[in-house]
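Residue numbers (my numbering): 5 to 305.
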């Protein structure tokens, strides 16, 4: 459940424990499961404080900042811990820039060379000293699945078909769409690439910062893992078709696996649709539910 601390609560915490300048304090755009605030210390540090009811996501951000750091423009986590009532805080360096979902399409198109360059750096990061597929265990740097296809099947299989249908009905979809997405997922699963690539898991949009046409930061690494690079790129197309460029052209430019691109797009559209249906139900997220009612059927191929 998302925390509900007031700005006054947070400012008091920052003033008494982190030497924040009160005038610098501001509430930032929030994620689905965390609150976010910006502040500056008396020592001149510009930082971001996030609060959530679990610490796992913050540990992933700390890992990303330490391991990938400046190469992938991941912010450095400087402190994290408990804040009371079962909630946790994370403080990280504040990066300049505007979230890419706030930019116009012409602005995004002008910035595509910089955007694609950081995407390519992400996907071509050397991960040869690690093993496995799926989410990264931040204690070991490895993942637990023996194949990417096994990971995908297991991830979707965490919820039953009946559960997906109940979620679909709750968000206002005809439950039979779940059968169509499951069939699309299973039909295209054999085409998923088994070449291990680092992926972000929630790339682009509000997790990609830009300034003057250049990428300045990649934030929120909670879903990072190893697997098919199209796991990330097709998600961009799922939410904003064409906004971040063409997958085939991108693969050719950066020499990434391009076999069965269309089948992989169909696979990940079904994958993302099912997970989004489940997410919308679990978090009672009306904006996402409305998006699904308008766009979900367009993801069937």
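Where a beta carbon is used, it is the ideal one built from N, C-alpha and C, also for glycine.
Computed from a prediction, not measured in an experiment: that's the story for all the values here.
- Contact between the segment 80–92 and the segment 228–242 is absent: fewer than 3 CB-CB pairs across the two stretches fall below 8 Å.
- Cβ contact annotation for residue 45 (same chain, cutoff 8 Å, sequence separation greater than five): 22, 23, 24, 25 and 51, in chain order.
- In the structure shown, residue 84 adopts extended strand secondary structure according to DSSP, grouped into three states.
- As the crow flies, the alpha-carbon of residue 141 is around 10 Å from that of residue 67.
- Assignment of beta-bridge partners to residue 219 by DSSP yields 214.
- When beta bridges are read from the DSSP output, residue 96 appears opposite 52 and 81.
- Distance from the CA atom of residue 285 to the CA atom of residue 172, rounded to whole angstroms, is 8 Å.
- Residue 139 has 229 as its beta-bridge partners, per DSSP.
- Residue 30 and residue 106 have their C-alpha atoms some 18 Å from each other.
- Proximity of the segment 205–215 to the segment 92–110 meets the contact definition, three or more beta-carbon pairs being nearer than 8 Å.
- Here DSSP, grouped into helix, strand and coil, assigns residue 102 to strand.
- Residue 49 and residue 97 have their C-alpha atoms spaced approximately 8 Å apart.
- For residue 41, the enclosing beta strand (DSSP E) stretches over residues 39–44.
- With contact defined as three or more Cβ pairs closer than 8 Å, the segment 176–183 and the segment 246–265 are not in contact.
- Here residue 261 is actually not in contact with residue 164; their C-beta atoms are around 32 Å apart, not less than 8 Å.
- Cβ neighbours of residue 157 within its own chain (closer than 8 Å, five residues either side excluded): 193.
- Bridge pairing for residue 30: 42 [DSSP].
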